[in-house]
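Working notes for the structure below.
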Amino acid sequence: MAHRIVDKEKLSENVYRMEIEAKYVAEAREPGQFVLIAYDNDRSERIPLTIADVDLDKGTITVIFQAVGKSTIEFASLNVGDSFDAVAGPLGNPTDIEKYGKVVCVGGGIGNAPLYPIVKALKQAGNEVISILGARNKELLILEEQFKEISDEIITVTDDGSYGRKALVTEPLGELCSKGEIDLCVAIGPAIMMKFCCQTTKKYDIPTIVSLNSIMVDGTGMCGGCRVEVGGETKFTCVDGPEFDGHKVDFDQLIKRLGSYKKYEQQAAAEHNCKLEGKL
Amino acid sequence: MKSNMELLKELMEKEAAGELTNKERMKIPQQPMPEQDPNERRSNINEVALGYTEEQARIEAMRCLDCKNAPCIEGCPVQIDIRSFVKQIADGKFTEALDTIKQTSLLPAVCGRVCPQETQCQETCTLGKVMKDPMKAVSIGRLERYVADRCAEQSESPKVAEDTGKKVAIVGSGPGGLVAAADCRRAGHKVTVFEAFHKPGGVLMYGIPEFRLPKELVAKEIETLKQMDVEIMCNFIIGKTRSISQLMNEDGYDAMFLAVGAGLPRFMNIPGENLIGVYSANEYLTRANLMNAYKFGSESDTPIIRGGKVAVIGGGNVAMDAARTALRLGAESVKLIYRRTEKEMPARIEEIHHAKEEGVEVNILKSPIEYKGDEEGWVKSMVCQSFELGEPDDSGRRRPVPIEGSEEEFEIDTVIVAIGNKANPLLRRATPELEYNKWGNINIGENCETNLPGVYAGGDAALGAATVILAMGHGRTAAKAINDYLAEKS
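Read top to bottom, the protein sequences are chains A and B. Read in order, the letters of the first sequence correspond to residues 1 to 280 in the UniProt record's numbering. Read in order, the letters of the second sequence correspond to residues 1 to 490 in the UniProt record's numbering.
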């Protein structure tokens, strides 16, 4: 089954949004779930990407990704009308959406994409949502407009101060927590960001949900490549997650495991970039 | 020494003269399987066993004593008419021999290669009993493989009965699913196979390596199914993309066979098991086989850690496959670590033998108790404990007992844990109405039926871990039950 790209947009440097035909996935999907996606069945790697949105009328899903490795650089080179061979899912457990009260949702960089449907659902469930969106610089801050529409309050920060407040996301998060009215925190972004968000909320004993982006092959529990230690126990991100109690996750181990194939990927991306130069 | 050609001629003359008595047959030398040289093959992925020549096949077939009660057939989980097909090979009627096999088994090229014949048809073979060694029985598997390969092109796809208007869903495209799909389609039902991965074949594709089972053969079997108008939907995860009840209640399927295979890989829960470089065998083999990671950089985008010093934990066929794959990926050394002795290893004798020939170091009566890593989180050594064998346990195998103070540390940079699988929670969570046993596998009856009407299950999903042929046996049983069920329903 080929999955056609029906829309493509460049959101910032190296960050792309794509709307892809995947009728069954769109129908079954709930916030927090992801797909495994591959361009060419014979050659490509299977990359897990969170479903950022769906359009049931069109039978499409939206994914947002950063072109960083060979496979995502290849995704970025595709255009409307091109097709992916594989879009498998929706995988993982959906987010536990309830009325918690006042929820602070922290998105960092590309993490805004998986965070978006969760914020949307939390808002619909009657929560008061404060969104903190962070990025390295103005150029890399994505989906701000969309978050504005669904958040009660929005705080933007950049590392270099080129937009919003010059700060890391943990600063406004800490301030909110110290006021003592937060019932839940959801943090999605780079592992290091989630780690520090959890350290911040832990001080105030605020329950914190994180969504992990472990390396995986099948996404159905069969390979075990995505294992992570949560509360001293080994869990599989694909079938036990992708969301976990952030205060229990061993982030240092996660960060290391995410680097498993760094040297292989750098080598492949370097070779691929040479061939693709000028195409993007 | 006589050439095979001369020997065959002599045997044929004796046979024609009615002089080929059982005593004479027992004297015929067992034909060895021609194989790639161990030193050469450990650095390529080509098939290790090269297959019999025509003369070898006929000579080997003439060793058959043609027993009246044919105990070999009893030993076969799908009851292939072994006695007849072996006789046909002896007579040089190869196409007929394949037709005989195909009456009961649809995947002879696969079974001839991966079935554990020494514990099935060859275990019950009279010749093997006389020789007091199932390895010396008539080489039934090799003969099956010979005709499957030789006549692959001539073989027609099975005939399909008139359309019944009924729809059957097969969940999983491993050996059990493929057999059930073919059998249900032959009965005239519309059949759809759902596969979670991007290529059909299940364990035949992701698990068993190319050097033991060329993927081209699996692809050919699947092509046959497509020619029979079986629809195959890849990247489709039942329990996630669609549920069992959606298939049965909304999508119009009348019956279903769940053959989703085994699930989560088992780990030992010892310190350091989540260090980088510690793989489950499932992941290691999937990357290497299905994702072609051995061609990373040129024809594949999926990486795999190419270890220098590799340790494989376990003593089953999967452990042997992983160890031999590691060698082919360029490992400098591969240690196989098993906590009992070679005698208790669940792997086929032939696989153990092949692994050793290729340079896998077999370490028995040892088990890891800890992995140690470097600052970046990469595994760099393992601590092993030694064992001695005590009293037999529930499995009848002597229980390994740890020896105090026997710890020793080995330097390693890759570990592959091949100690089996637990049930997959995915289907279970999605389908709580289905009944499971205490191990989390699907509960089935004699005809592979589950507690849900029209829903059947088999293979590893029901058995825990088993073999390709047992899964195929379930596929056959379930398909028959489904066909009966649907006949009654109309």
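C-beta atoms are modelled at their ideal positions from N, C-alpha and C, and glycine is treated no differently. All values reported here derive from a predicted model rather than from experimental measurement.
Item	Value
Ignore the nearest five residues each way along the sequence and tell me which others in Pro346/B's own chain have a CB closer than 8 Å to its CB.	Gly315, Gly316 and Asn317
The alpha helix (DSSP H) with Ile89/B in it runs from where to where?	Ile82 to Ala90
Quick check: what's the CA-CA separation for Glu388/B versus Tyr338/B?	12 Å
Less than 7 Å separating the beta-carbons of Ala255/B and Val168/B?	yes
Going by C-alpha to C-alpha distance, which of Pro432/B, Asn44/B and Val48/B sits closest to Arg212/B?	Val48/B
List the residues of chain A that Met233/B touches, going by C-beta distances under 9 Å, in chain order.	Met1
Any idea if Gln227/B is buried or exposed, counting beta-carbon neighbours within 10 angstroms, 16 or more meaning buried?	exposed
Out of Gln154/B, Thr286/B, Gly188/B and Arg398/B, which has the shortest C-alpha to C-alpha gap to Val160/B?	Gly188/B
Tell me which same chain residues have a C-beta within less than 8 Å of the C-beta of Asn41/A, skipping the five on either side of it?	Asp85 and Ala86
What beta strand (DSSP E) runs, 3 residues minimum, are completely inside the segment 25-71 of chain A?	34-38, 47-55 and 60-66
Nearest-angstrom Cα distance between Ser71/A and Glu45/A?	7 Å
Going along the UniProt region "Disordered" (15-43) of chain B in order, which residues come within less than 8 Å of chain A, judged by CB to CB distance?	none
Please identify the residue among Glu195/B, Glu375/B and Arg324/B whose C-alpha is closest to the C-alpha of Ser173/B.	Glu195/B
Using a C-beta to C-beta distance shorter than 8 Å, which residues of chain A count as neighbours of His198/B?	Ala38, Asn41, Arg46, Asp85, Ala86 and Ala88
Can you give me the Cβ contacts of Met5/B inside the same chain, cut-off strictly under 8 Å, excluding the 5 residues immediately before and after it?	Glu55
For the segment 373-384 of chain B, which residues have a CB atom closer than 7 Å to at least one CB atom of chain A, in sequence order?	Glu376 and Gly377
Could you name the residues of the same chain whose beta carbon sits closer than 6 Å to that of Val383/B, not counting the 5 residues immediately before and after it, in chain order?	Ile369, Glu370, Glu407 and Glu409
When the Cα atoms are used, what is the spatial distance from His198/B to Leu258/A?	24 Å
Run through chain A and tell me which residues come within less than 7 Å of Asp301/B, C-beta to C-beta.	Arg43, Ser44, Glu45, Lys70, Ser71 and Ala268
Take every Cβ of the segment 443-450 of chain B, pair it with every Cβ of the segment 285-294 of chain B, and state whether three or more of those distances are shorter than 8 Å.	no
Could you give the DSSP three-state label for Phe84/A: helix, strand or coil?	strand
Give every residue of the same chain whose Cβ lies closer than 6 Å to the Cβ of Leu327/B, excluding the five residues on either side of it in the sequence, and list them in chain order.	Arg42, Val334 and Glu358
Residue range of the alpha helix (DSSP H) that Gln199/A falls in?	Ala191 to Lys203
Scan the segment 15-28 of chain A for residues whose Cβ lies nearer than 7 Å to a Cβ of chain B and list them as they occur along the chain.	Tyr24, Val25 and Ala28
Cα separation between Ile192/A and Ile352/B?	45 Å
Val48/B by DSSP, collapsed to three states: which one?	coil
Mapping the DSSP letters down to three states, classify Asn421/B as helix, strand or coil.	strand
Mapping DSSP to helix, strand and coil, what is Thr124/B?	coil
What are the start and end residues of the beta strand (DSSP E) that includes Lys68/B?	Segment: none, Lys68/B is in no beta strand (DSSP E) and carries neither H nor E.
Against chain A, does Leu426/B count as a neighbour if the rule is that its beta carbon must be under 7 Å from one of theirs?	yes
Would the segment 416-426 of chain B and the segment 265-275 of chain B be scored as touching if the rule is three or more Cβ pairs under 8 Å?	yes
The alpha helix (DSSP H) that contains His354/B, what's its start and end?	Ile349 to Glu358
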